[in-house]
Every structure is written in structure tokens, then in C-alpha cells.
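Chemist:
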Amino acid sequence: MRKLLLLILSLCLVQTSMSAETLNPASMKDWSLVVDENAIASERYAAEEFQGLFKEAIGIELPICNTPPQSTHNIFIGAGQAMSQSPVAFSIDDLGEEGLRIYIQSGNIAIAGGRPRGTLYGVYEFAEKYLGVRFLTWDHTYFPKTAAKTIPCEEYEYIPPFSFRWSYYKENADKPEFAARNRVNTTTDQEKLGWKTHQNLINHSFYRLLPVKEYGEAHPEYYAFIDGKRALEMGGGGPELCVTNPEVIELVAQNTIKALDADPTQANFSVSQNDNDAYCRCENCEAVNQREGTPMGSNLALVNAVAERVEKKYPDVKIGTLAYWYTRKAPKTIRPRDNVQIQLCSIECCTLHSIDDPNCSRNREFCSDMAEWGKICKDIWVWNYNTNFHHYDLPFPNLRSIGPNVRYFLKNNVKGLFMQANGNGNSGEMCDLRNYVISHCIWNPQLDSWELAKEFCRLHYQGAAQPVIDYLTMLHDNAEQLGCHPGCFPTPADVGLNPEISGKSLAYFKKALQMADNDLVRQRVEKASICAYKAVLETCATVTLENGDYRISLPEQYKDVFDRYVELTKKYNMTRSKEQEPVSEYIDRVAQAINKEIPALQLENEIWKLTVVPSDNGKIVEMIHKPTSQNVLVPREFGSIGEVFPVGTVREFGMIGYDQDNPLAFEGSKTGDSISMLKKLPDGSQMMRRIWLDASQPEKIFFKTTVEHKTDESKIYQIKVIPHFYTMTTSDDDKILTAYVKKDTWLTFNKDWMENGSLPPDEALERETSGFAFFNHETGSGMMASYNPNEVARPRLWWQPRSEQVNLELLTSPINLGQGESFSFGYQFEYLDKPPE
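All residue numbers for the sequence shown refer to the working numbering, where the first residue is 156 and numbers rise by one.
1. Let me see if you follow: with CB-CB separation under 7 Å, is Gln815 close to chain D or not?
2. Please list, in chain order, all residues of the same chain as Ala820 whose beta carbon is under 6 Å from its beta carbon, the five residues on each side excluded.
3. Could you give the residue range of the alpha helix (DSSP H) that holds Cys586?
4. For the alpha helix (DSSP H) containing Arg446, list its first residue and its last residue.
5. Within 10 angstroms of its Cβ, does Pro366 collect 16 or more other Cβ (buried), or is it exposed?
6. Give the DSSP-derived three-state secondary structure of Tyr626 in the structure shown.
7. Could you compute how far the alpha carbon of Leu387 sits from the alpha carbon of Ile871?
8. In chain order, what residues of the same chain lie with their CB nearer than 7 Å to the CB of Leu637, ignoring the 5 residues before and after it?
9. Where in the stretch 200-255 do unbroken runs of the alpha helix (DSSP H), each at least 4 residues long, occur, reported from the N-terminal end onward?
10. Which residues does DSSP pair with Phe978 in a beta bridge?
11. Could you name the residues of the same chain whose beta carbon sits closer than 6 Å to that of Thr449, not counting the 5 residues immediately before and after it, in chain order?
12. Could you give the first and the last residue of the continuous alpha helix (DSSP H) run that contains Tyr663?
13. Does the distance from the C-beta atom of Ala265 to that of Val243 stay below 7 Å?
14. Just curious, the beta strand (DSSP E) that His353 is in, first and last residue?
15. Taking the alpha carbon of Ala212 as the reference point, which residue from Met832, Ala302, Ile257 and Cys500 has its own alpha carbon closest?
16. Give a yes or no on contact between the stretch 641-658 and the stretch 596-609, applying the rule of three or more CB pairs nearer than 8 Å.
17. Is it buried or exposed, Leu166, if we count other Cβ atoms within 10 angstroms and call 16 or more buried?
18. When the Cα atoms are used, what is the spatial distance from Glu964 to Lys859?
19. What whole-angstrom Cβ distance do Asn1060 and Val472 have, given they're in contact under 8 Å?
20. Which residue marks the beginning of the alpha helix (DSSP H) containing Met525, and which one marks its end?
21. By the three-class DSSP mapping on this structure, what secondary structure does Met451 have?
22. Within 10 angstroms of its Cβ, does Leu255 collect 16 or more other Cβ (buried), or is it exposed?
23. So Leu572 and Val592 are in contact, right, with Cβ under 8 Å, and what is the actual spacing, rounded?
24. Give a yes or no on whether the C-beta atoms belonging to Glu822 and Leu833 are separated by under 7 Å.
25. Around the Cβ of Gln498, are there at least 16 other Cβ atoms within 10 angstroms (buried) or fewer (exposed)?
26. Distance, Cα to Cα, Asp887 vs Leu756?
27. Judging by CA-CA distance, which residue of Met585, Ser246, Lys210 and Asp191 is the nearest neighbour of Pro224?
28. Determine the closest residue to Val155 out of Ala662, Lys284, Gln236 and Asn541, with distance taken between C-alpha atoms.
29. By how many angstroms is the C-alpha of Phe927 removed from the C-alpha of Lys989?
30. Within 10 Å of its beta-carbon, does Gln240 have 16 or more other beta-carbons around it, so buried, or fewer, so exposed?
31. Using alpha carbons as the reference points, say which of Ile259, Pro513, Glu503 and Ser594 lies closest to Asn337.
32. From Trp908 to Phe930, what does the alpha carbon distance come to, in whole angstroms?
33. With 16 other CB atoms within 10 Å as the buried threshold, where does Ser360 fall?
34. Exposed or buried, Asn494, counting other C-beta atoms within 10 Å across all chains shown (16 or more means buried)?
35. Ala379: buried (16+ other C-beta within 10 angstroms of its C-beta) or exposed?
36. Name the DSSP beta bridge partners of Tyr813, please?
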């Protein structure tokens with residue numbers, strides 16, 4: 156396999172013929188830059204860039220002219236009449252939009268490439284390859300202290316293997332000239348930079364192609380059939396479509412063609428699902444999906460039908476669709492048309508290990524899906540994840556896997572690569588280093604991401620580099636030794652962070668600051684150190700329950716950490732703490748949390764001891780089974796000083812019509828063996844929750860939630876119950892940990908579960924059930940949820956073996972309430988010391 160990869164790289168990417176003859180750049184004082192008078196804007200700009208880079212690197216400013224002033228000592232930038240008559244002439248017809256050639260002879264040099272970006276990229280390639288220049292950040296271009304003494308006379312050719320390359324950092328969008336220097340071809344419309352590629356990111360688009368606000372009232376049948384109803388309100392962009400409806404297919408095709416008519420320069424167009432899993436379960440859609448073994452069956456049938464219609468008017472335009480979440484698996488018989496692009500999304504994958512690491516079980520299914528798509532699709536793209544969406548500024552150990560992942564994608568004939576990071580915020584965790592690594596790897600997959608990271612450190616942090624490299628080494632080694640398998644929404648523990656590692660991380664950066672060469676380097680280290688301060692905040696704070704109140708505090712040695720974190724985030728303009736949160740909100744939460752008393756209410760009988768926090772959306776944060784002294788909720792490792800109870804809770808979450816965070820707090824009170832909580836919503840409606848213990852059934856915990864709607868305009872509500880139950884096993888063997896659902900009898904259904912959890916393979920298990928449970932046969936323990944099937948639409952399982960966690964989630968049916976109307980739902984939890992009967 157290694158030999159095959161090297162062969163692919165050598166044939167498709169780089170071709171160099173060597174010569175013993177060399178050229179001394181210091182002797183080029185009488186050379187000229189020649190750019191044709193008919194050159195395009197990016198070629199003229201390329202000449203200016205060469206002039207500036209050469210002057211900085213060698214100390215010689217070369218003149219720019221349209222015709223060669225002499226027969227030798229010319230550097231031809233871009234193809235043109237002058238270059239075509241020179242000894243270094245060559246054609247660019249076979250180089251596409253971005254391929255490049257560099258011919259170096261002792262008397263002349265030619266740098267030219269495909270239009271519109273090849274020549275500009277050729278100049279940057281020359282600067283890096285022959286002059287030792289490195290484009291580290293938008294405001295730091297590295298030039299070697301000792302100029303290159305010789306340049307080999309040779310012919311060099313490079314055609315980038317990925318036609319779509321996006322290192323998704325905001326710095327690239329904000330500084331397009333810098334993005335061009337790193338050959339990111341997706342961020343600018345500037346003509347001098349060769350514009351961005353006409354290929355667009357394949358993305359969620361059903362919500363734009365058939366807007367529910369425009370069509371939903373008159374044609375609810377256009378939208379997904381869920382739980383016996385047409386779902387017209389849905390998060391993640393809106394409801395999915397009924398993809399087998401002929402009218403839907405025609406309208407989507409018509410609206411796609413209209414969009415192409417408005418901008419016929421587009422090389423591709425997205426026809427793809429929204430960002431939720433509420434796909435249509437109507438009879439026709441389900442028939443296709445059951446036959447094809449995946450919901451992608453009905454989705455791809457629609458995409459193919461749209462692509463067929465588009466091809467008649469726009470034969471060169473590709474129709475792109477996501478293979479994402481429930482659609483990632485390839486269908487059994489339906490094949491994508493030749494004008495269809497499939498973009499696989501790796502959101503379920505481990506980010507620490509390379510995707511094709513045979514020892515990482517979390518990535519195996521993606522590899523299997525990639526292989527199956529490779530058999531049937533000619534145009535595969537990938538959406539890969541390279542950040543922690545819950546903590547943009549927390550240490551994230553994936554620098555060793557970036558390069559292997561990119562090479563894996565190349566080996567599997569991927570043509571476009573979107574490397575998603577914190578692109579909607581500035582100054583995330585080591586974003587300068589990461590952007591450098593990712594940009595270079597997707598331009599040239601032969602490069603080693605770990606070595607690139609160390610190179611960046613040595614050049615950018617100079618005398619302070621070694622402690623930063625030592626920090627990165629420790630971070631990655633620690634996560635690997637602990638057997639971590641973080642995704643792209645990890646907790647601090649998921650990436651191996653704990654008080655000890657966080658303290659060491661901060662110490663490395665403090666040492667680097669002491670070793671900084673000057674104020675400029677010190678500032679670079681300061682910016683990079685934000686992640687270490689965040690790690691301390693996330694892992695080193697303590698929470699204690701005293702006299703009915705929780706209190707959060709930082710250890711004495713870290714008393715200044717929060718203030719320093721605030722100072723650095725402001726100084727270096729960090730804008731977001733996570734994908735959906737400005738850093739200012741995180742700072743406000745932390746400021747309010749430090750040394751704040753958080754009132755808690757407790758219930759207790761001979762079986763259970765419960766602790767509830769009304770101010771944090773009424774979460775149950777402790778559920779102790781007294782006969783076994785076991786907290787049946789996931790052990791709560793203190794995850795965030797700004798979010799005291801991120802895991803190990805029971806909470807109710809609004810799916811439709813209810814934002815549980817606005818407001819966050821309930822008013823709570825305890826009466827006897829019952830806790831009552833009330834929350835008034837901004838529109839005057841009310842949420843009421845009751846949790847109680849019953850002396851006649853002491854083994855059970857009872858819950859009831861009531862929604863009262865108060866406004867004139869009706870509203871649809873849907874609530875999800877999310878308990879974080881502790882399984883006490885990392886096994887995914889169904890004989891060790893078994894899941895059950897109760898219809899007429901208790902049925903087991905987790906034999907075919909994926910590691911990350913999935914819906915039961917038998918859709919019938921989602922309906923008319925009254926119980927949901929799991930049981931660990933090794934420990935002889937489990938939990939059961941009971942409920943009224945008329946109030947709960949379906950149970951939904953979320954299983955994470957590596958975190959010893961099972962969520963027995965309950966989803967209510969969507970219900971439309973008018974003014975003064977209400978609905979209630981109830982459920983009970985019970986400890987199991989034997990499998991349910």
C-alpha cells in the first residue's frame with residue numbers, strides 16, 4: 156500500500172528532473188522579470204509578488220518589464236509571446252486551472268501555470284522550494300537569515316491533486332492574499348488572486364430549495380413524515396423533504412436550474428439534506444430506504460433525478476450531495492449519476508488517530524463507507540473535522556493525524572477537501588499553526604503534518620520554540636497513552652486533559668515566555684498560550700456541595716488564571732469560545748460562577764438520593780442508588796467553570812418551540828417528597844416540572860412536565876428527555892451491555908449498534924413502546940425508563956461505550972397548542988438488578 160501511494164504521488168503530483176548545474180541568486184543583479192503585456196491580472200500580481208519576495212530573500216530588487224531587455228537573464232512570469240520564444244518555453248495547456256511548471260536554466264527561468272491561478276501558485280512554490288520562504292501567518296513571512304546560495308537548474312512540475320481546498324480558518328477569509336500564498340482556493344473573489352474556484356462547498360440546501368415558509372402551509376405533503384405527522388418545524392435548517400414526492404423532485408429541479416441561471420459560472424450546486432436526522436418515513440420513502448439499506452437510497456434517487464434534469468441545460472455542472480450522518484452509507488443498488496458529487500462527512504470519526512488506523516475502532520465504519528462509495532462514484536469529496544466545536548480554544552491533539560488523513564483521502568480518489576475548523580471565529584486554539592499545517596497538507600499531501608507543526612514552532616516562536624514543541628508532544632503522547640478517541644465535540648477528559656496535564660501545559664507556555672527572543676515573539680507565544688489557560692479553567696476548578704449550595708472555586712495557584720485568560724482573549728481578538736457562543740458569553744458565565752453559591756434541592760428515601768439544580772434548567776445532577784451506593788449518572792468530571800454540570804445529569808431539552816436556555820433557571824421548591832419547578836417563558840407561556848418519590852413505590856423516581864401555552868398564536872412544542880446513565884463498561888458487546896425496549900414484551904435490539912449509537916435497525920421498535928432499558932450483565936446493574944406511549948413518540952438511544960455512557964432518551968410527539976391549551980408527559984426511572992422481564 157505504501158509503495159502504491161508513493162507511486163500515485165510521484166506520477167500525479169510532482170515531477171522533477173535534476174541537473175548538476177546550479178544558479179547563484181546573489182549574482183542575479185542584472186536579471187529582469189518579464190510578464191506579457193496581455194497577461195491576466197493574477198499573472199501581473201504574481202510578478203509583483205516574485206519581485207517583493209526575491210528582494211526580501213536575496214536583497215535584490217528585479218525590474219518588471221513586458222518584453223525581455225536581453226536574450227538571457229530573464230525570469231518569465233506566466234505564459235506569453237516572450238516566454239514562448241525563449242529557451243525555457245513550454246505549454247500550459249495541460250495544467251488545468253492550477254498546475255504549474257518551473258524551468259530553471261543558468262541563463263533564464265520560466266514560471267507559468269494554468270489559468271487563472273497556476274502562475275501565482277508557481278511563484279509561491281518557487282519561493283518556498285528554492286528560496287526557503289515560509290508563509291507562516293498573514294503578518295509573518297519567514298525569510299532565512301542566510302540567503303540561498305544556489306538554485307538547482309531543473310524542471311519542476313506540480314499539479315495539485317485536490318481541485319477544491321479549504322482550510323477553514325477565518326484568517327483565510329479575512330486575509331485573502333495570505334490564503335492565496337498558502338494555495339487555499341476557496342476564499343476570494345479578487346481577480347488578482349485568480350478568484351476562488353468555481354466549485355462550491357457541498358452543503359445543506361433543502362431549506363433553500365424548498366423553503367417551508369413558502370410551501371409548507373399549502374403543501375405539507377412536501378415535507379418529511381415523522382411520527383404520523385408532516386414535520387413543518389425542525390431545527391438544523393428546517394424540515395427534511397419528502398424526497399419521493401414527484402412534485403418535490405420537480406420543484407427542487409426547477410429551483411436548482413433557476414439558481415444556475417442566476418449564476419451560470421458555478422461548476423457545481425448542492426442538492427442536499429438539512430442538518431437534522433428527521434428524514435421522511437412515509438410509505439414511499441421507507442420502501443426505498445428499506446430496499447437500499449440506508450436513508451441515502453431515497454435521498455440519492457431525488458438527487459439523481461434533479462441531476463438528470465439539470466444536465467439537459469447545464470451538462471458541465473455537477474450536482475453535489477452530502478453523505479452525512481444517516482445518509483453516509485452507500486445504497487445497495489442506486490448509483491450516483493456521472494454528474495453527481497458525493498461528499499462524505501467524517502463527523503463520527505476519531506480525530507486523534509488517522510482515519511485508516513486499523514487499531515481505531517471508531518473509524519472503521521467510515522473507511523468501509525468510503526470504500527463502498529469508491530466503487531460506485533466517480534467524484535468523491537470529503538468534509539473533514541479539525542476542531543472542537545464545544546471548545547474552540549481548548550487543546551486539541553490531532554496534529555499527527557492530519558497528514559495521514561489527507562493521504563488516505565488522496566488514496567481513495569477524493570477530489571475536493573473541506574477541512575472544517577473554527578472558521579467563524581478568530582484566534583482559536585493555535586489557529587496560526589493549524590492553518591499552516593492544514594493548508595500545506597491539502598496542497599501537497601506528501602508533507603508530514605507533525606513535522607510541519609514543529610517547523611512552524613521553530614520559525615514562528617524562535618528561541619521559545621522548544622517548550623511549545625514539548626507541550627504539543629506531551630499533549631499528543633498523553634492522549635494516545637490514555638487510549639482517547641475524541642470526536643469533534645469532545646469534553647476536556649475526551650482529549651486527555653485533567654488537572655495534572657493542564658498544569659503542565661501552562662508551565663510549558665510560561666517557560667516559553669521566559670525564553671522569548673523579543674516582544675514580538677513573546678506576543679506570538681502569548682496568543683498560543685490561550686489554550687493552556689482555558690485547559691486550567693476547564694479542569695482545575697473544584698465544585699463542592701455545602702449546606703445545600705454548590706460552590707465553584709479555583710485552587711490558590713491558579714487564582715490569576717481567569718483574569719489572564721480574559722486579558723489574552725481581548726488582546727488577540729479571540730471572538731468565539733465555541734461554534735455557537737461568543738467568547739464574551741463564556742467570560743460572563745465564568746465570572747458569575749466563580750465563588751458563586753448555586754442552590755440545590757434534594758429528595759431522599761430508603762432507595763434514592765436525588766440532587767436537583769433549578770437554576771441550571773432543573774437538571775438532576777446526582778442520582779444515588781443507596782442500596783449499592785452507586786450514582787447511576789455518568790461520573791461528573793468537572794468540565795467547565797462556566798458550565799458546572801455538562802455531563803452526568805438528567806435534563807429536558809427543547810426540540811421545537813421551547814428554548815430551555817431562555818430563560819435557563821426554574822423557580823424551585825420542595826414539599827415533602829416532591830420538588831416543583833416553574834419557568835415563565837418570554838412569551839408568557841409556562842413550563843412546569845415535578846419530580847417526586849412515592850412511599851408506596853420507593854424504587855421508582857417519578858417525573859411530570861406540563862407546558863401551558865399563553866399567546867394568541869399557536870405553537871408546536873416537542874421536548875426531549877436526556878439522562879446520562881453510567882454503564883460501568885467500555886464494551887460494545889451486546890452480550891455484556893444489552894438494550895431493551897418494551898412493546899407487548901421486552902425485546903433486545905442493540906446487536907447491530909454502531910459504537911456511536913444509532914436508531915434501532917427495526918423502525919417498528921420506535922412506535923407503541925412503553926419501556927426502555929439497558930443492563931450490564933457483568934455488574935448486574937442497569938436502568939429502566941417507563942412512560943405512556945400516548946405521550947412519548949419514541950425512545951431514542953445514544954450510546955458511547957468509550958465514555959461508559961448510555962442515554963435512554965425520550966422524545967415527545969410534536970403537539971400544536973393554542974392559547975390556554977396545555978399538554979403533559981410523564982415518565983419514571985427505576986434501578987435494575989436483573990434484566991427487565
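We treat Cβ as the ideally placed atom computed from N, Cα and C, and that holds for glycine.
Modeler: Inspection of the coordinates gives the following:
1. Note that chain D does not occur in the displayed structure, where there is just one protein chain.
2. Here the question's residue 820 lines up with position 665 in the sequence shown. Here the set comprises Ser770.
3. One-based indexing of the sequence shown puts residue 586 at position 431. Residue range Cys586 to Trp598 is occupied by the alpha helix (DSSP H) that includes Cys586.
4. Indexing the sequence shown from 1 puts residue 446 at position 291. Residues Glu438 to Glu447.
5. For the purposes of this step, residue 366 is identified with residue 211 of the sequence shown, where counting begins at 1. Exposed, since its Cβ has fewer than 16 Cβ neighbours within 10 Å.
6. The count along the sequence shown starts at 1 and reaches residue 626 at position 471. If DSSP states are grouped into helix, strand and coil, Tyr626 belongs with the helices.
7. In the sequence shown, the residue the question calls residue 387 occupies position 232. In the sequence shown, the residue the question calls residue 871 occupies position 716. Spanning the two alpha carbons is a distance of roughly 9 Å.
8. Mapped onto the sequence shown, residue 637 falls at position 482. Answer for Leu637: Gly651, listed in chain order.
9. 236-239, all fully within the stretch 200-255.
10. Locating residue 978 in the sequence shown gives position 823, where the first residue counts as 1. Val862, per the DSSP bridge assignment.
11. What you label residue 449 is simply residue 294 of the sequence shown in a count that begins at 1. Within the same chain, Thr449 has close Cβ partners Lys484 and Pro486.
12. As a position in the sequence shown, residue 663 is number 508, starting the count at 1. First-last of the alpha helix (DSSP H) with Tyr663: Pro654 to Met670.
13. Translated into positions along the sequence shown, residue 265 becomes position 110. Translated into positions along the sequence shown, residue 243 becomes position 88. Yes, these two residues count as a Cβ contact at 7 Å.
14. As a first step, residue 353 must be located in the sequence shown, where it is residue number 198. First-last for His353: undefined, no H or E at that position.
15. As a first step, residue 212 must be located in the sequence shown, where it is residue number 57. That would be Ala302, whose Cα lies nearest to the Cα of Ala212.
16. As far as the Cβ criterion goes, the stretch 641-658 does not touch the stretch 596-609, which means the pair count is below three.
17. Here residue 166 refers to the residue found at position 11 when the sequence shown is read from its first residue. Annotation note: pLDDT 35 at Leu166 (below 50); position unreliable, no value reported.
18. Along the sequence shown, read from residue 1 onward, the residue named residue 964 stands at position 809. Along the sequence shown, read from residue 1 onward, the residue named residue 859 stands at position 704. Distance between the alpha carbons of Glu964 and Lys859: 15 Å.
19. With the chain represented from 156 up to 992, any question about residue 1060 goes unanswered, as that position is not in the structure.
20. Residue 525 sits at position 370 when you count from the first residue of the sequence shown. Taken as a continuous stretch (DSSP letters only), the alpha helix (DSSP H) holding Met525 covers Arg519 to Ile531.
21. Here residue 451 is taken as the residue at index 296 of the sequence shown, counted from 1. Met451: helix per DSSP, three-state reduction.
22. As a working note, residue 255 is residue 100 in the sequence shown. Flag for Leu255 reads buried.
23. Numbered from its first residue, the sequence shown carries residue 572 at position 417. Numbered from its first residue, the sequence shown carries residue 592 at position 437. Not confirmed; about 14 Å, so no contact.
24. The residue given as residue 822 occupies position 667 in the sequence shown. The residue given as residue 833 occupies position 678 in the sequence shown. The criterion of a C-beta distance shorter than 7 Å is satisfied by Glu822 and Leu833.
25. For this step, residue 498 is matched to residue 343 along the sequence shown. A buried status is given to Gln498, since no fewer than 16 other beta-carbon atoms sit within 10 Å of its beta-carbon.
26. Along the sequence shown, read from residue 1 onward, the residue named residue 887 stands at position 732. Along the sequence shown, read from residue 1 onward, the residue named residue 756 stands at position 601. If you draw a straight line from the Cα of Asp887 to the Cα of Leu756, it comes to about 36 Å.
27. Start at 1 with the first residue of the sequence shown, and residue 224 comes out as number 69. Among Met585, Ser246, Lys210 and Asp191, the Cα nearest to that of Pro224 belongs to Asp191.
28. Outside the shown range of the chain, which is 156 to 992, sits residue 155, and nothing can be said about it.
29. Indexing the sequence shown from 1 puts residue 989 at position 834. Indexing the sequence shown from 1 puts residue 927 at position 772. Taking the CA atoms as reference points, Lys989 sits about 14 Å from Phe927.
30. One-based indexing of the sequence shown puts residue 240 at position 85. Result: exposed.
31. Numbered from its first residue, the sequence shown carries residue 337 at position 182. If we check each option's Cα against that of Asn337, Ser594 comes out closest.
32. On the sequence shown, position 753 is the one that residue 908 refers to. On the sequence shown, position 775 is the one that residue 930 refers to. Bear in mind that a pLDDT of 47 at Trp908, under 50, signals an unreliable position, so the number given afterwards is only what the model happens to contain. Taking the straight line joining both Cα atoms gives about 15 Å.
33. Position 205 of the sequence shown, counted from the first residue, corresponds to residue 360. The residue in question, Ser360, is buried, as its Cβ has 16 or more Cβ neighbours within 10 Å.
34. The sequence position of residue 494 within the sequence shown is 339, counting from 1. Buried, because 16 or more other Cβ atoms sit within 10 Å of the Cβ of Asn494.
35. On the sequence shown, residue 379 is found 224 positions in, with the first residue counted as 1. The residue in question, Ala379, is buried, as its Cβ has 16 or more Cβ neighbours within 10 Å.
36. On the sequence shown, residue 813 is found 658 positions in, with the first residue counted as 1. Among the bridge pairs identified by DSSP, Tyr813 is matched with none.
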